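What follows is a single structure, written as structure tokens, with notes after it.
4 protein chains.
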Amino acid sequence: MSQSIPNIISQKVRPQAREILQKVGDFVDNDCLPAEELFHAQIRTDERRWKEFPPVMEELKSKAKKLGLWNLFLHSHYKEGAGLTNVEYALMAEIMGRCPISSEAMNCSAPDTGNMEVFAKYGSEAQKQKWLTPLLTGDIRSAFAMTERFVASSDATNIQTSMVKEGNEYVINGQKWWISGAGDPRCAVYLVMGKTNPKHDNPYKQQSIIIVPAETPGVTILRPMHIFGFDDAPHGHMEMAFENCRVPAENLILGEGRGFEIIQGRLGPGRIHHCMRSIGVAERALDLMIARVTHPQRKTFGKFLYQHGKIVADIAKSRMEIDAARLVVLNAADKIDQQNAKAALREIAMAKVIVPNTTLNVIDCAMQSFGAEGICQDQILAEFWTGIRTLRYADGPDEVHTAQLGKIELRRAPELYATYRILH
Amino acid sequence: MSQSIPNIISQKVRPQAREILQKVGDFVDNDCLPAEELFHAQIRTDERRWKEFPPVMEELKSKAKKLGLWNLFLHSHYKEGAGLTNVEYALMAEIMGRCPISSEAMNCSAPDTGNMEVFAKYGSEAQKQKWLTPLLTGDIRSAFAMTERFVASSDATNIQTSMVKEGNEYVINGQKWWISGAGDPRCAVYLVMGKTNPKHDNPYKQQSIIIVPAETPGVTILRPMHIFGFDDAPHGHMEMAFENCRVPAENLILGEGRGFEIIQGRLGPGRIHHCMRSIGVAERALDLMIARVTHPQRKTFGKFLYQHGKIVADIAKSRMEIDAARLVVLNAADKIDQQNAKAALREIAMAKVIVPNTTLNVIDCAMQSFGAEGICQDQILAEFWTGIRTLRYADGPDEVHTAQLGKIELRRAPELYATYRILH
Amino acid sequence: MSQSIPNIISQKVRPQAREILQKVGDFVDNDCLPAEELFHAQIRTDERRWKEFPPVMEELKSKAKKLGLWNLFLHSHYKEGAGLTNVEYALMAEIMGRCPISSEAMNCSAPDTGNMEVFAKYGSEAQKQKWLTPLLTGDIRSAFAMTERFVASSDATNIQTSMVKEGNEYVINGQKWWISGAGDPRCAVYLVMGKTNPKHDNPYKQQSIIIVPAETPGVTILRPMHIFGFDDAPHGHMEMAFENCRVPAENLILGEGRGFEIIQGRLGPGRIHHCMRSIGVAERALDLMIARVTHPQRKTFGKFLYQHGKIVADIAKSRMEIDAARLVVLNAADKIDQQNAKAALREIAMAKVIVPNTTLNVIDCAMQSFGAEGICQDQILAEFWTGIRTLRYADGPDEVHTAQLGKIELRRAPELYATYRILH
Amino acid sequence: MSQSIPNIISQKVRPQAREILQKVGDFVDNDCLPAEELFHAQIRTDERRWKEFPPVMEELKSKAKKLGLWNLFLHSHYKEGAGLTNVEYALMAEIMGRCPISSEAMNCSAPDTGNMEVFAKYGSEAQKQKWLTPLLTGDIRSAFAMTERFVASSDATNIQTSMVKEGNEYVINGQKWWISGAGDPRCAVYLVMGKTNPKHDNPYKQQSIIIVPAETPGVTILRPMHIFGFDDAPHGHMEMAFENCRVPAENLILGEGRGFEIIQGRLGPGRIHHCMRSIGVAERALDLMIARVTHPQRKTFGKFLYQHGKIVADIAKSRMEIDAARLVVLNAADKIDQQNAKAALREIAMAKVIVPNTTLNVIDCAMQSFGAEGICQDQILAEFWTGIRTLRYADGPDEVHTAQLGKIELRRAPELYATYRILH
């Protein structure tokens, strides 16, 4: 799989990064893509699918570790990381996006990446030793428990889970859903968001993040949530209950009321990863479409599919939109590198809105070129489409980001009256 | 559920049809919608889901029969039917579309409706007695086996299943997929398309349709095809093999080489049904969206959802597009009534292209307003979206219909040169 | 030019209307279309273009009168009219739309049609005799002076022109712009909107409509407004001043404070006319596109234009969108016929939003197929595009109508909670 | 006017370029924008508008020269230029795009820029001295005469103008249209494309470019072509005849049959300029929209315009699309800098398609926010819209570029079969 680095970013990719990039591409092509079918075959169709994990994944992980393709996501400012910039890692995330099982094979898959960043950035030494270490080695997995069913969680101040301090413990009560990765039998720890300070004047200071080990009494997995019919076992997106769960007070991360600080710090680079993996998804969808419409066996009415209607125009449009979207993401990644995630707020928001919509369009065209085969289990396209569709609301819906971007623009009004001599 | 008949069609709906329409609406509201949850709960999650059928359906069928809401789809020219015009039935199909289980409850569900029409229109008396009678009473179900996996079936001349006459039998060999309804334990008969005359000069005269009872030796269900992540058990869309299946020669419908004639006769009204059910789907999606965005529990940042961004504009756009699309379908239905399906070719093609695309847009907006809940098993929207998505290629992809409509327009060129005095 | 009556409406077009329709079609084809070039050639390029009117128009008017194609727009409830329903006239308006000069040739052009309706519906006998009579004979023309430059006129309560009663006269002061038809040397009368009752509690009772003869002292034409570079001379869209204009008190229409009542009564059918003429515009644009892309002289790279890219798909899409839009308008027209304009508020609003957007898309595709020729004076497409573009904000912008339609939908919420058992 | 350099390109803009950029911004803000109204007022409304040039332009040119803001477009490899890279100049072109008169004020306006590049790159020393020198000083202007009326010029092999060598002269016969700048009284020279070798086997070797001084006998300006209703006097887009025009043989550029080589060399950077000026246009349109919708005088129904409907969402969408489009252009510009225009073919084609479409959307939103004022002579938006609309077909229509991009993608098919193990 060729990886074309956009010209504009070319000089920012150091030789060592190019080398890793090449290795990632080879590993995905030669090891991960060929293992996809086996991976799916190793997932049971009955309840055991939540209790076992496809063994082929451990083989891939071993190989990736040997190749040094491990924890690439951890940026240069963490000593545990591979020393890559956001721009450099973004290019690798794109390649990983093409083959969904490859991210975990290189210990670069969500939500663990974000959780590891939280531990690395905000964790105490004890917290790091206990949780970050086994996460970095790939021995355990983790989940981030924020969203709740009965409130509008896109405004996180609505979150209701309570965390009451009793002695040297916090007692946690609440119900969460869409907890990705909580279905995984290897998931050993949850980062849970809830209210330690429900009466704080500032609603952004009421929430905290606490570490809850998976075996804590009172933690119950209620059911897997389905994404357009998929339950994504064994990973899963689970509905869970926390009933009188007691954890030591030192499990709190950073301190009471600092939940918003943590989730905001967690989001920036994570959104870049999601976006670049989505670009990789779009590239693979386009590849599949091209392969399909040039296929002699798929001729209809005496012509190749690509000779019909607007298929070539759709392919060109997809190419243009993918390439434009990639530049938007890389520009945001570069701004994080040059400044930081907060400074790149606008650029990240743009990427967050543009990329999933672009990718969905590309996949939809590709699916259409495959007819019935495009939306079934014999092609990866339906899984791609449904997965990317969730990104239009996950981490804040399009509408919220769009409204913010619009408001930022409106603030320019006074300056504009002056420039264009518009009387007010 | 109020049913608003568009003004333009109002005078074409006779009093007796209005009465039935009202009854259908009440039955759907009071009996079917409340049974939806139970219906889904009665479907097993293990392999038994292909062997049992949710008992609540038989209760609904009994009630519908008592109410006289049975076989409404069979048009006035069949003595077995309810005497409704296509326009009148179309209005009922829209209501049925809002609640997917209601069509079968009134014995009006695909593919049985199309199959019953084939028997009624083209079947011999013996064929009618054996198959049409139990289908009309709802005692058995049926499937239509046309599409094949390894050829581009959107050009049906590509279909490869062979039907070789040996003595007084046909021997059938072939592999089919996406055979909807073949998963149903009550499915007793297949209408199979294949080549009896593979060497006929005219490729449109090579194919025939033959009746294959489900218990015929050599018929094997291979696997259910998934629509995105749904397998639609127990109905199912199955991959099947026909290996040396022998059926009596009199099982042939109409005669050798008349397959295309039959499938074309089957499609016209069936497309109207699909389209109007889709309109019903769009209406329900819009209803759900309105209910969501006005819900006090879903306020974010201090406002109702409808007060954010472009939600009201999206609702208005959905309303406009649904109402326009409905008129397009009713115009086609009316042309079938006034003339026939062949004369209404253009109008049907337009409806076939416009409606699924419109409905998908509406559902997508609605899903977005529900966030994560919109795409999971707790709302019907994801099931709606995936189901309607298949209509963009089933019975001919958008692209084929669009190309045909375009070609019909191009034929007007000579007349235009004259009107506008354009020299050629 | 063939006129295809949509099937769904066919039975509502009476034989006498079909006869007129045929005559209108023939008159447009045989007389108006061939006169278009001459009409444009007879418009001066210097200031005289505001003082003369192309003589060919009077010839066309004479012929139309002889053919009985005169004042067709006046609906059956006015004794002066042709006795056509809104649906019947709508079909004729579509034909007129194909050739912009044909409307006036049959005395069916805006804004005179709306003004004649105002006189017929609300005028006193004296007002009718003085103004309606010569308008109905085509001897004078008229304008409707509402919009003002420095206020947001899409909310007509903002209109500032003052009308102060002094003795038996009103003294009018105000500035208006975009007064269509005020450039015409034959324009003899303005219907002016302004505030007679600026302190009325109800802002919808402050405005009145008064008749201002063109020769009234104090009326000044300031300048023509341009539409994308066109000034539409001699018709024109003028900026005007009313300075201490004095008119007799009996020039008031209906009475003080009844301005909103009048403008609302004027709008309904007028919007249908605009929409159907737009449909006619779209049809001609599509015709021109088809003629262009099939033209042997326009081959590029060895192929006809229609063999390139997505042109056939664009043509098909245009056909579908035009046909759908026409049904939307006819449904609204029929509701006015069956009930009245007020009852058809929603349907008219939909037509008002859908049609111009659809038509603009069609024209844009057509222009693109003509390249540079498509946007210049050698084809009618640029004039069409700019004219239709104004309909997206004239008589209320898309946004206002969309917001209203959205609000109407939101009102259904309580009923929906009940139907779908959604708890609130 | 603030100029924000996208982060990703920031390090490629040298300090000296930043300094010039700042000066360009100041000059446009402080000198050009305030002169716009006067410039338009100085254009006559009668025939004299083709014979005079607004004097304010010479004042602006003097000032620009003094500021050293002159011939910025000529790239570093020409000794006459300002030594800027394509990326650096692109940023300036964007600023110029905001104020259309500013390009000429800095001697950076089309078609002269492209013509100067032709002289600089392909001209003989004598040709340079005679034509490049006065063009570089701004003493004369020039035009490029390629497009012909009666052939499909988007395939330039169709061009028919003949150039027959007789002795030491070429005799030129042909008719051209849309010759931009030919209306300008200061236009002294045409670069004319035509066939010197009509029988050459390779149609791409039949055409040549020859220099035709404006005063050559046989050159006639026939009429100005209109863009929508604008004639863009005094610049103009003229239809012209060349009848038995005789020019010395040494006026040929490069040699016989090298026309395609020259026009291709001319296009690359020129397209970047057009694109970046378009981005500037989009920025100004967005600025105007923001100024309008925040304006207290434009409140309707008690709210600011921005509080209605989807206006904020439209603004955010415009911002995202502009920023994405800019990155696409800069990426292409950078590839020209790093490699050359030929290597950047794909990137340039993408920019060529994406930018005008994006800009048209932004302007259309902005126009809509201004209502009637948005499309008339009181705002620059209508002029912007019509000007940018021509870029969708000028230098090759969207469709041609899209088809090429699609074909390039299809070529990747064989590699894809291997990667994804798709059997063929």
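Residue numbers (the UniProt record's numbering), protein chains in the order written: chain A, 1 to 424; chain B, 1 to 424; chain C, 1 to 424; chain D, 1 to 424.
For each residue, glycine too, the CB sits at the ideal point set by N, CA and C.
Computed from a predicted structure; not experimentally measured.
How many Å lie between residue i and residue j at the Cα?
| i | j | result |
| --- | --- | --- |
| H235(A) | G396(A) | 22 Å |
| A188(A) | A41(A) | 25 Å |
| V247(D) | Q127(D) | 13 Å |
| F150(B) | K195(B) | 16 Å |
| K310(D) | D364(D) | 14 Å |
| V164(A) | P185(A) | 29 Å |
| G181(D) | E36(C) | 30 Å |
| A233(D) | V87(D) | 32 Å |
| I95(C) | Y306(A) | 39 Å |
| P6(D) | D31(D) | 26 Å |
Is there a C-beta anywhere in chain B that falls below 7 Å from the one on residue i?
| i | result |
| --- | --- |
| T300(C) | no |
| D184(D) | no |
| A152(D) | no |
| K310(D) | yes |
Using a Cβ-Cβ distance cut-off of 7 Å, determine whether residue i contacts chain C.
| i | result |
| --- | --- |
| H226(D) | yes |
| K303(A) | no |
| A120(A) | no |
| A313(A) | yes |
| P55(B) | no |
Under 6 Å from any heavy atom of the ligand MN, does the C-beta of residue i make it?
| i | result |
| --- | --- |
| K195(C) | Among the components modelled here there is no ligand, and therefore nothing to report on the ligand MN. |
Got a sec, what are the start and stop residues for the alpha helix (DSSP H) residue i sits in?
| i | result |
| --- | --- |
| G114(A) | 112–122 |
| H401(B) | 398–410 |
| H273(A) | 259–293 |
| M350(C) | 345–370 |
| A241(A) | That residue, A241(A), is in no alpha helix (DSSP H); its beta strand (DSSP E) goes 237–248. |
If distances are taken between C-alpha atoms only, which option among the options comes closest to residue i?
| i | options | result |
| --- | --- | --- |
| G265(C) | A82(C), M96(C), T113(C), S62(C) | T113(C) |
| T300(A) | L416(A), D26(A), S369(A) | S369(A) |
| I101(B) | H237(B), R319(B), F384(B) | F384(B) |
| P55(B) | R48(B), G371(B), L69(B), I43(B) | I43(B) |
| M106(D) | D139(D), L60(D), Y190(D) | L60(D) |
| A316(C) | A285(B), I262(B), V400(B) | V400(B) |
Which stretch, first to last residue, makes up the beta strand (DSSP E) that contains residue i?
| i | result |
| --- | --- |
| K165(A) | 162–166 |
| S208(C) | 207–213 |
| S180(A) | 169–180 |
| F53(B) | Counting along the chain, F53(B) falls outside any beta strand (DSSP E), and DSSP gives it neither H nor E. |
Is the Cβ of residue i closer than 7 Å to any Cβ of chain A?
| i | result |
| --- | --- |
| A382(B) | yes |
| I388(D) | no |
Cβ of residue i less than 7 Å from any chain D Cβ?
| i | result |
| --- | --- |
| E239(C) | no |
| M320(A) | yes |
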